[in-house]
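Going down the list, the sequences are from chains A, B, C and D.
In terms of our numbering, the first sequence has 259 at position 248, counting the first letter as 1, and numbering is strictly consecutive.
In terms of our numbering, the second sequence has 209 at position 198, counting the first letter as 1, and numbering is strictly consecutive.
In terms of our numbering, the third sequence has 160 at position 149, counting the first letter as 1, and numbering is strictly consecutive.
In terms of our numbering, the fourth sequence has 319 at position 308, counting the first letter as 1, and numbering is strictly consecutive.
The C-beta atom is built at its ideal place from N, Cα and C for all residues, glycine as well.
Okay, structure first, notes after.
4 protein chains.
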Amino acid sequence: MISFASDYTTGAHPDILRRLIDTNLEPATGYGTDIYTKNAEEKIKKACKCAGAQVYIATGGTQTNQLVISTMLNDYEGVIAADTGHISVHEAGAIEYSGHKVLTIPGHMGKIDAGELKTFIDTFYADDNHEHMVFPGMVYISQPTEYGSIYSKAELTDIYDVCKKADIPLFIDGARLAYALTSDENDVSLDELCNLCDVFYIGGTKAGALCGEAIVFTKNNMPKHFITLVKQRGDLIAKGRLLGIQFETLFTDDLYFKIGRHVNECKDKLVKILKDAGFEFFYRSPTNQQFVIIDNDKLKELEKEVTVSFWEKYDYDRTVIRFATGWSTTDDDLGKLKDILEKLF
Amino acid sequence: MISFASDYTTGAHPDILRRLIDTNLEPATGYGTDIYTKNAEEKIKKACKCAGAQVYIATGGTQTNQLVISTMLNDYEGVIAADTGHISVHEAGAIEYSGHKVLTIPGHMGKIDAGELKTFIDTFYADDNHEHMVFPGMVYISQPTEYGSIYSKAELTDIYDVCKKADIPLFIDGARLAYALTSDENDVSLDELCNLCDVFYIGGTKAGALCGEAIVFTKNNMPKHFITLVKQRGDLIAKGRLLGIQFETLFTDDLYFKIGRHVNECKDKLVKILKDAGFEFFYRSPTNQQFVIIDNDKLKELEKEVTVSFWEKYDYDRTVIRFATGWSTTDDDLGKLKDILEKLF
Amino acid sequence: MISFASDYTTGAHPDILRRLIDTNLEPATGYGTDIYTKNAEEKIKKACKCAGAQVYIATGGTQTNQLVISTMLNDYEGVIAADTGHISVHEAGAIEYSGHKVLTIPGHMGKIDAGELKTFIDTFYADDNHEHMVFPGMVYISQPTEYGSIYSKAELTDIYDVCKKADIPLFIDGARLAYALTSDENDVSLDELCNLCDVFYIGGTKAGALCGEAIVFTKNNMPKHFITLVKQRGDLIAKGRLLGIQFETLFTDDLYFKIGRHVNECKDKLVKILKDAGFEFFYRSPTNQQFVIIDNDKLKELEKEVTVSFWEKYDYDRTVIRFATGWSTTDDDLGKLKDILEKLF
Amino acid sequence: MISFASDYTTGAHPDILRRLIDTNLEPATGYGTDIYTKNAEEKIKKACKCAGAQVYIATGGTQTNQLVISTMLNDYEGVIAADTGHISVHEAGAIEYSGHKVLTIPGHMGKIDAGELKTFIDTFYADDNHEHMVFPGMVYISQPTEYGSIYSKAELTDIYDVCKKADIPLFIDGARLAYALTSDENDVSLDELCNLCDVFYIGGTKAGALCGEAIVFTKNNMPKHFITLVKQRGDLIAKGRLLGIQFETLFTDDLYFKIGRHVNECKDKLVKILKDAGFEFFYRSPTNQQFVIIDNDKLKELEKEVTVSFWEKYDYDRTVIRFATGWSTTDDDLGKLKDILEKLF
């Protein structure tokens, strides 16, 4: 059985495990005050080429979204997101649990449009009764999106311009940022990203870490007493070293980008295999998630040998499934997939 | 520099690291549905000898306290705890963030008294205006407490009787449960504990894991749709395997208890060393935390070679400090401490 | 200057004021335990012909929506509403503030469709990942809706059938219920309404009271310790008599229905006047709110003599405005409006 | 049956009812934007002699406490109050429902001590782990307190000095402020009060209004978009005129102070009657609440003819009861009480 189900099905990159072992017996202070975390923060700031950046490493994606959104919004504000955005649909209400509404605008293969965003905000302020409504207080986008699509520099610039004019922060969910940054179609570098938003995160869990997402506040704008806010929301762990060591490793010797490039190379091979097998693409993304349409009976056969993700029903007879490559995907896996598909089609 | 600062200063027990490495490339499903987590849950249930138990492994202590309390209480209820209890003082308001009041009664070296608990509850119901007050909805205790003290079986039985009569659950915070279970003075086994409360947790972070606390609902009483509630509170991680693998290991070949016994043996040696050095004990606990009183100038000297925890000021000239042993404490560490103290006093 | 801006622009029906004066010096107990409130509750239950009903009188509409929704939902649940529903748009995030998501489905002139509702719920449960999403936990509709439209008995029956099959309660916002119940097009009596939902409220503020909405739990299903929950949400007032006296009066000698009929009669006259003036109707509702399209320059003229409500822009040159009749609308007001419109057009 | 149970047992002062009638048919805009509310705000500012003051009239006491505290605190902060303070005990957890901890210090007949307050704050900041604790973010006191005691100008000045040094606001709950301001023992005028705190409220409900408490932000420090925050917390009512008209009346022709003086004069007569009857005072307060100790069997007799409030058990045989005078207390009531007591003792 081989798995293309997701990019978080296996453990950690070997370099991370090795570093965990090497540092295991060194005593460290708790709750993110340890030297590994400090190192990781410095390395990330350097990679971002952003002196005013402040970094905090949270445990996971939902945690990060809840944390950033609920600590940066005023009580009277909600967060604008694509209707297909992760926080709109798949966070189990974690944003609302923190007291804030998710204000949705249309997603286009996961992406929002700067013009539609502007119209939404303008319409709000044009309403005489807007004091009876939830104020737009932040814009949330994902890079890449939940569909694997990526924003171009021009698109990000337009969105950020709208945010700045409305005086609200732009937050970029980078759960799979590694795969945007190293995509052939990408034209936004990490340091450029820092200048195109107020806060973003560098996803670890889906890029070879066991857990951890590094939040980067780009403008010295980390909320006051952030540690207290983190603990209050139930996101602070005692052995912060676990997070620090992982990100220290990911940002040593360019590992984060190496993983990204490897995964995208595997993706290119995957796309070729899927094309050769004659699949119709539902969406041919520039990053590590690929969506194809498959007959339901073929899917049953496929699932005997390959784990993939169900995405949605396409029609009565067909299903959209997702193939994802990850840090641990090998040529061997891809070869096996090729063989299975050749046998199947 | 040697450290007796806490039991969470170093990494993970070698068996855990080894298991992480061995399983690293095995694909697993996400969010706690993996086979390692299932195994861990089964092993814990077996160790608890409790067929009706349900287990969920959370990431950390604050997370667990917030999760258990906020999902088991009704909105009109608060949780009763010792005024020195962790949730009363050191959770940064995580319980109140979830909308619930912590109702305090006196702590006696960290322990609450069944009689005082009963009086508190009776007084509440005797008040004509109690519908304008927060209902007592749960009792929270720690075993061992924040002071390292432990409840006897008789004491737990009395407290649980009060809870059952009041029809409210008893929750036991077991962040350091390993050290209560293996203390010479303990008379409550793990399976007996299951029968003396409605929910408790088996602490991993402070007993050799990188992170993780295994919550045990003892009466088939896990709140409905618990995973959704966990995710909503920002406590669910994608690679649940990280937690599962650790607890699977801790509950294989009695490791959790072996760690507990090792730490308590180190504690016995520590106590002897502290006694021999002539320390006055602030509190001589039956578990791995020991509190001694030290002159401020001696403390300055000590801190040049040993890391300890500040506990509180004793008087103008003296301070209460805490020494803690942990899974990685060695005879070598203890020998060095002995030498340093002999030199110092 | 005459006002057709809304149905809550003037004070209270004279019968209410008279009763406030008559009872003013009688001592009463506080917080809704007074005899007037008890009487009001009994009268409402009688009017509903519903023995199992439980009544609680809250202060206002937002309060009621927040109260009912947040006390009846489980934490993992959200409330389904039309995208144009009051709780979706105009409650300033009061539902989210209580921790719950509003799940939107399309509104059709304010109304939801039973089929679309069923599809929404079925789609949720068909999703493998639905434990990562907000559970549908209640359906919220308004009778009449924010557009003045009303549900027929058949429509309500269909919607309630979907709810019962999904085992979730149906909540009907009756801020303007008086005008649905007494509309010519209505075929749902008050007692039938009780059998077609789990909870609804009888709006007072918009039907001649100074404040107050009477919540009716139709199935002996008032949440436990409701008073405590109300106080906790900041909705309990000391002089509950103020609410009790008003509803006691509204449900004495059929006053609530008399007000409803008067307002709908005024509405009929209003519609004739608007038609005669040649207005194009944006929506010709069966209740007291009427929506017409007006040229922007005519609107400016109109607003010199009549207060109306801005509804939305129709196009560049025209605006949708709302005329509403209320308990204090008189034939004199209507006559003046007729004269003004004749002059204007 | 006569009532000395509380100061909110009867309806409204006749001047208020009269004004409600006089204005009843005047159309007004909703949600506190009406002319009556504007007038009330101006009159209150004038009475406070405070140009920078901002006024908002909320519906009740719990509402006001929840509103002020939850909108002025940062998420990482709690509110310090006497352990006997209303928000500590009798708000059904309304403060915690808004996510904030009530941090208690000892109450001395309801009053806190500036020195103990300072020690509490200093101890917090001296703790190395204070980032894991709830920050002191506001001080809450009542004037008069729940026991009827009042703070002197010197005491308020000392408390406010501690607050200013700690850079946290002082909030004064003035549910019964009328009776402090007009007490013989009072030395703090309304305008002086404005200079001795950051926010306070002028209680209406317990001083002759049907409902309503006027919050005064003394330093142009009303939280941004306050109306939205109020609505979100479920405290905004459509007919804000109800609140505005009442406070406009209370602050016309000195009515608020006239009511205060009348109630305190009644209190003086009450005290004489209680003394003459030979009662032992539990606490002889300078305001309208008087606490006496009574034999349980005598209490049973008394309650056949007079309604009083149970306060607490004094010992096995005796009870502390509260007598309160109010705006509607008459010499006739007092005469009857005198006769009843003479008969009884």
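Chain B within 9 angstroms of Lys347 (chain A), Cβ atoms only: Within the first sequence, numbered from 1, the residue matching residue 347 (chain A) stands at position 336. With respect to chain B, the C-beta atom of Lys347 (chain A) has no partner C-beta closer than 9 angstroms.
Going by the CB atoms, is the gap between Glu166 (chain B) and Gly96 (chain B) shorter than 9 angstroms? In the second sequence, residue 96 (chain B) corresponds to position 85, counting from 1. In the second sequence, residue 166 (chain B) corresponds to position 155, counting from 1. Not a contact, by the Cβ cut-off of 9 angstroms.
Taking the alpha carbon of Phe391 (chain B) as the point to measure from, which residue in B:Ile46, B:Val100 and B:Gly215 has its own alpha carbon closest? Examination of residue 391 (chain B) is not possible in this model, given that chain B is present from 12 through 356 alone.
Identify, in the order they occur along the chain, each residue of the same chain with its Cβ nearer than 7 angstroms to the Cβ of Thr193 (chain C), setting aside the five sequence neighbours on each side. As a first step, residue 193 (chain C) must be located in the third sequence, where it is residue number 182. Close CB contacts of Thr193 (chain C) within its chain, under the 7 angstroms cut and outside five residues either way in sequence, are with Phe268, Gly271, Arg272 and Asn275 (chain order).
Between A:Val145, A:Ile152, A:Lys311 and A:Val241, which has its C-alpha nearest Phe237 (chain D)'s C-alpha? For the purposes of this step, residue 237 (chain D) is taken as the residue at position 226 of the fourth sequence. Checked all of A:Val145, A:Ile152, A:Lys311 and A:Val241; the closest Cα to Phe237 (chain D) is A:Val145.
Terminal residues of the continuous alpha helix (DSSP H) containing Ala218 (chain C)? Counted from its first residue, the third sequence places residue 218 (chain C) at position 207. Per DSSP, Ala218 (chain C) is not a residue of any alpha helix (DSSP H), being assigned neither H nor E.
Using the beta-carbon of each residue, which ones in chain B are nearer than 8 angstroms to Ala39 (chain A)? Here residue 39 (chain A) refers to the residue found at position 28 of the first sequence. In chain order: Thr20 and Thr21.
Would you report the Cα separation of Tyr87 (chain A) and Lys230 (chain A), rounded to the nearest angstrom? Sequence index remark: in the first sequence, residue 87 (chain A) carries index 76 (1-based). Sequence index remark: in the first sequence, residue 230 (chain A) carries index 219 (1-based). Inter-residue distance for Tyr87 (chain A) and Lys230 (chain A) is about 23 angstroms (C-alpha atoms, whole angstroms).
Could you tell me the boundaries of the alpha helix (DSSP H) in which Lys269 (chain D) lies? Taking the fourth sequence and counting its residues from 1, one reaches residue 269 (chain D) at position 258. Annotation for Lys269 (chain D): the continuous alpha helix (DSSP H) segment containing it runs Leu266 to Asp287.
Are the Cβ atoms of Thr75 (chain A) and Arg252 (chain A) separated by less than 9 angstroms? One-based indexing of the first sequence puts residue 75 (chain A) at position 64. One-based indexing of the first sequence puts residue 252 (chain A) at position 241. Taking C-beta atoms as the reference points, Thr75 (chain A) and Arg252 (chain A) fail to come closer than 9 angstroms.
Distance, Thr73 (chain D) Cα to Cys61 (chain B) Cα: The residue labelled residue 61 (chain B) in the question sits at position 50 within the second sequence. The residue labelled residue 73 (chain D) in the question sits at position 62 within the fourth sequence. Using only the alpha carbons, I get a separation of about 45 angstroms.
Please list the partners that Phe321 (chain C) has in chain A, where partner means a Cβ-to-Cβ separation under 8 angstroms. Residue mapping note: residue 321 (chain C) aligns to position 310 of the third sequence, counting from 1. Under the 8 angstroms cutoff, chain A gives Asp139.
Best match in A:Ser320, A:Ala189 and A:Leu221 for proximity to Tyr212 (chain A) [C-alpha to C-alpha]: The residue labelled residue 212 (chain A) in the question sits at position 201 within the first sequence. For the residues A:Ser320, A:Ala189 and A:Leu221, the minimum Cα distance to Tyr212 (chain A) belongs to A:Ala189.
Closest to Val79 (chain D) by C-alpha separation, out of D:Ala225, D:Arg29, D:Lys164 and D:Phe15, would be which residue? By 1-based counting over the fourth sequence, the position of residue 79 (chain D) is 68. Residue nearest to Val79 (chain D) within the set D:Ala225, D:Arg29, D:Lys164 and D:Phe15 is D:Ala225 (criterion: CA-CA distance).
7 angstroms Cβ cut-off: residues of chain A touching Thr75 (chain D): Taking the fourth sequence and counting its residues from 1, one reaches residue 75 (chain D) at position 64. Listed along the chain, the chain A residues whose CB falls inside 7 angstroms of the CB of Thr75 (chain D) amount to none; the nearest CB is some 17 angstroms away.
Give the straight-line distance between the Cα atoms of Glu196 (chain D) and Ile183 (chain C), rounded to the nearest whole angstrom. As a first step, residue 196 (chain D) is located in the fourth sequence; it is residue number 185 there, counting from the start. As a first step, residue 183 (chain C) is located in the third sequence; it is residue number 172 there, counting from the start. One C-alpha to the other measures close to 54 angstroms.
Buried or exposed: which applies to Arg295 (chain C), given that a residue is buried once 16 or more other Cβ atoms fall within 10 Å of its Cβ? If you number the third sequence from 1, residue 295 (chain C) lands on position 284. With fewer than 16 other Cβ atoms from the protein chains shown falling within 10 Å of its own Cβ, Arg295 (chain C) counts as exposed.
Chain C contact for Asp209 (chain D) (CB, 9 angstroms cutoff): In the fourth sequence, counting from the first residue as 1, residue 209 (chain D) sits at position 198. With 9 angstroms as the cut-off, Asp209 (chain D) does not count as an interface residue toward chain C.
Please report how far the alpha carbon of Leu128 (chain B) lies from the alpha carbon of Arg187 (chain B), in whole angstroms. Residue mapping note: residue 128 (chain B) aligns to position 117 of the second sequence, counting from 1. Residue mapping note: residue 187 (chain B) aligns to position 176 of the second sequence, counting from 1. Between the alpha carbons of Leu128 (chain B) and Arg187 (chain B) lies a gap of roughly 23 angstroms.
Residue interval of the beta strand (DSSP E) (run including Lys57 (chain B)): Along the second sequence, one-based indexing puts residue 57 (chain B) at 46. Premise fails: Lys57 (chain B) lies in the alpha helix (DSSP H), Ile46 to Cys59, not in any beta strand (DSSP E).
With a CB to CB cut of under 6 angstroms and the five nearest residues on each side skipped, what residues in its chain are close to Arg333 (chain C)? Stepping through the third sequence from its first residue, residue 333 (chain C) is reached at position 322. Cβ within range, chain order: Gln300, Phe302, Ser320 and Trp322.
Host beta strand (DSSP E) of Glu224 (chain D) (start-end): Numbered from its first residue, the fourth sequence carries residue 224 (chain D) at position 213. DSSP places Glu224 (chain D) inside the beta strand (DSSP E), whose first and last residues are Glu224 to Phe228.
Kindly indicate which three-state DSSP category Val79 (chain D) falls into: helix, strand or coil? For the purposes of this step, residue 79 (chain D) is taken as the residue at position 68 of the fourth sequence. Of the three classes helix, strand and coil, the one that applies to Val79 (chain D) here is helix, per DSSP.
With Tyr136 (chain D) as the anchor, note down where its alpha helix (DSSP H) starts and where it stops. What you label residue 136 (chain D) is simply residue 125 of the fourth sequence in a count that begins at 1. Here the alpha helix (DSSP H) through Tyr136 (chain D) covers Ala125 to Ala137.
Establish whether the CB of Tyr162 (chain D) and some CB of chain A are separated by less than 9 angstroms. To locate residue 162 (chain D), count along the fourth sequence from 1; it is residue 151. No, no contact with chain A.
Determine, using beta carbons only, whether Asp86 (chain C) comes closer than 9 angstroms to chain B. Along the third sequence, read from residue 1 onward, the residue named residue 86 (chain C) stands at position 75. Interface residue, yes.
Within chain A, partners of Met83 (chain C) - CB distance below 9 angstroms: Numbered from 1 along the third sequence, position 72 holds the residue referred to as residue 83 (chain C). Result: empty, since nearest Cβ-Cβ is about 16 angstroms, beyond 9 angstroms.
Whose Cβ in chain A lies nearer than 8 angstroms to the Cβ of Ala335 (chain C)? Taking the third sequence and counting its residues from 1, the one referred to as residue 335 (chain C) is at position 324. Simply none; closest approach about 15 angstroms.
Which residues, in order along the region 100 to 114 of chain B, keep a beta-carbon less than 7 angstroms from a beta-carbon of chain D? Listed by position, the residues of the region 100 to 114 of chain B near chain D (Cβ gap below 7 angstroms) are Val100, His101, Ala103, Gly104, Glu107, Tyr108, Gly110, His111 and Lys112.
Would Pro38 (chain D) and Ala16 (chain C) qualify as a contact pair, given that the criterion is a beta-carbon distance under 9 angstroms? Taking the fourth sequence and counting its residues from 1, one reaches residue 38 (chain D) at position 27. Taking the third sequence and counting its residues from 1, one reaches residue 16 (chain C) at position 5. In contact: Pro38 (chain D) and Ala16 (chain C) (Cβ atoms closer than 9 angstroms).
What residue range does the alpha helix (DSSP H) around Glu259 (chain A) cover? What you label residue 259 (chain A) is simply residue 248 of the first sequence in a count that begins at 1. Unbroken alpha helix (DSSP H) run through Glu259 (chain A): Arg252 to Leu261.
Residues sharing a beta bridge with Tyr212 (chain D), DSSP: Walking along the fourth sequence from the start, residue 212 (chain D) turns up at place 201. In the DSSP output, where bridge partners are listed per residue, Tyr212 (chain D) has D:Ile226.
Arg29 (chain B) classed as buried or exposed, judged by whether at least 16 other C-beta atoms fall within 10 angstroms: By 1-based counting over the second sequence, the position of residue 29 (chain B) is 18. Classification for Arg29 (chain B): exposed.
For a contact meaning CB atoms closer than 9 angstroms, what does His236 (chain A) contact in chain C? Within the first sequence, the letter at position 225 stands for residue 236 (chain A). Under the 9 angstroms cutoff, chain C gives no residues; its nearest Cβ is about 22 angstroms from His236 (chain A).
Tell me, which residues are paired with Gly121 (chain C) by DSSP? As a first step, residue 121 (chain C) must be located in the third sequence, where it is residue number 110. Note: Gly121 (chain C) sits in no beta bridge, so no partner.
Just reading off the alpha helix (DSSP H) that Pro147 (chain D) is part of, what are its end residues? Position 136 of the fourth sequence, counted from the start, is the residue given in the question as residue 147 (chain D). From DSSP, Pro147 (chain D) is part of no alpha helix (DSSP H) but of the beta strand (DSSP E) over Phe146 to Ser153.
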